[in-house]
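Below: one structure, written as structure tokens.
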Amino acid sequence: LGPRRGSATEPFHKGRCFVESSASSMSFVSLSLFLSLSSMVLDRALAGARQDLRPCIASVDCSSEWSDEVAYLQSHIQLRSKSSSFAELVDACQLGEVPLASARCQVARLQASRPMAWIHVPKSGTTLGNALLHLPGMCPLLPPGFVLDASRHGACVVGGQIDQSCPGSFSSGGRYNFGDHSGLGGIYKSSVEGHGVVMLRQPEQRIISGYFYDQHDWPKEHFHRPAKDLLEYAQVCSGCAVKILTRKAIDGDLSTGYTVCGNPPPATTVEVTLAKQRLRSGFVFVGITDEWDLSICLLHAIFGGSCLATDFEVVRLGSNRSENLYDTSELMGYKDLADGALFEEASAVFSENLQRYNVSYESCKSCFQQASSFK
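Quick note, the sequence shown lines up with residues 25 to 399 if you use the numbering used here.
What follows is the structure, given as structure tokens:
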């Protein structure tokens, strides 16, 4: 970025590039905040799009005497204020009128998806939260080096902090907070459709992982005891992803005696169909935990940003500390048919997007190398 113009006694807003639109004006305090945070807001991944986004948002022209940083920041503010423009550009990218992999398209897709709704299915990758938090400009107020971890900075523990540090970037309306496991039944249309982001896991693997993670979501308040064994746990907690995508429940509200995943009635075929429809039409990113590396590479191919080591580090492991596949024979043949159908749909969407964005292990080498350099 070009050298800053002005000083503590000569603020950036002085002169003809003071940001003002016909609809509203930005106060000096607000503009100063944007300028002071610009180095954090403007990610290196957006640099390629800078020349395409140069117009000043003031009604008069911003001449070249003003720094690149100010001009680009102003154009960034303009684009963020016009979601319809982002949607139009996304459409142009999908139609091939603008190169799909260009920085312009990445910027448009990211901004059109805000506020993102991270749908966190239990035991399906808390690490995704780290990748989302560090997408370009999403969390300008997070402390440097901040990462979600299994202790101080769990996804649910820092929910309030995320809302404050990532203004306008993530939706938590109708939910307990960022990264929780709430159901979408009451908020899909208002907060999730067109903004959903999710990572899904092979159902039986997810169930066994949840069982070993202190019987995650087992409705103890309902049964007044822990699950007798893995099979009973599986029978009650199956269909978890389908339930999250279709049922109403706020994670953390145990007045009913269970979370949405521990809601005892099994997922129905109607719910499975609805969940599949929502997954395909309402989510801007669908990843697969069994293909974690490719999923993260795909995320960056869609939205831009640097591949970081924290995108690939496991935040939580079950009590048996296994990073390998579980032996599903312990389920004695039990299959989670509801989540199995949804996972099949998710895998199809994932494969389609790998082809659409030309993502493969070969094409992702630079991403993986980049992440290694940040360790």
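Ideal placement from N, C-alpha and C gives every residue a C-beta, glycine not left out.
If you draw a straight line from the alpha carbon of residue i to that of residue j, how long is it in whole angstroms?
i	j	result
residue 154	residue 142	11 angstroms
residue 308	residue 368	18 angstroms
residue 112	residue 252	54 angstroms
residue 188	residue 165	8 angstroms
residue 227	residue 263	8 angstroms
residue 129	residue 123	7 angstroms
residue 323	residue 378	10 angstroms
By a C-beta neighbour count over all protein chains shown, 10 Å radius and 16 as the cutoff for buried, is residue i buried or exposed?
i	result
residue 120	exposed
residue 293	exposed
residue 356	exposed
residue 335	buried
residue 349	exposed
residue 360	buried
residue 385	exposed
residue 63	Caution applies to residue 63, whose pLDDT of 37 falls short of 50 and renders its modelled position unreliable; the value that the coordinates give is listed next. So residue 63 ends up on the exposed side.
residue 204	buried
residue 382	exposed
residue 219	buried
Give every residue of the same chain whose Cβ lies closer than 6 angstroms to the Cβ of residue i, excluding the five residues on either side of it in the sequence, and list them in chain order.
i	result
residue 296	266, 362 and 365
residue 311	223 and 319
residue 110	132, 135 and 136
Please list, in chain order, all residues of the same chain as residue i whose beta carbon is under 8 angstroms from its beta carbon, the five residues on each side excluded.
i	result
residue 286	241, 242, 243, 246, 260 and 261
residue 288	243, 246, 260 and 282
residue 392	317, 321 and 331
residue 225	145, 147, 148, 149, 233, 312, 313, 314 and 367
On the DSSP letters alone, give me the boundaries of the beta strand (DSSP E) that residue i sits inside.
i	result
residue 142	141-143
residue 247	Counting along the chain, residue 247 falls outside any beta strand (DSSP E), though it belongs to the alpha helix (DSSP H) covering 244-247.
residue 221	220-224
residue 310	307-312
In terms of residues, what are the limits of the alpha helix (DSSP H) holding residue i?
i	result
residue 236	227-236
residue 326	316-327
residue 364	361-380
residue 153	151-157
residue 132	127-137
residue 264	264-270
residue 172	Here residue 172 belongs to no alpha helix (DSSP H), and DSSP marks it neither H nor E.
Counting only beta-carbon separations shorter than 8 angstroms, does residue i have a partner in chain B?
i	result
residue 171	Going by chain labels, chain B is absent from the structure shown, which holds only one protein chain.
Sorted by chain position, which residues of the same chain lie with C-beta nearer than 7 angstroms to residue i's C-beta, five sequence neighbours on each side aside?
i	result
residue 159	134, 327 and 329
residue 114	132, 133 and 136
residue 291	263, 266, 267 and 362
residue 210	198 and 272
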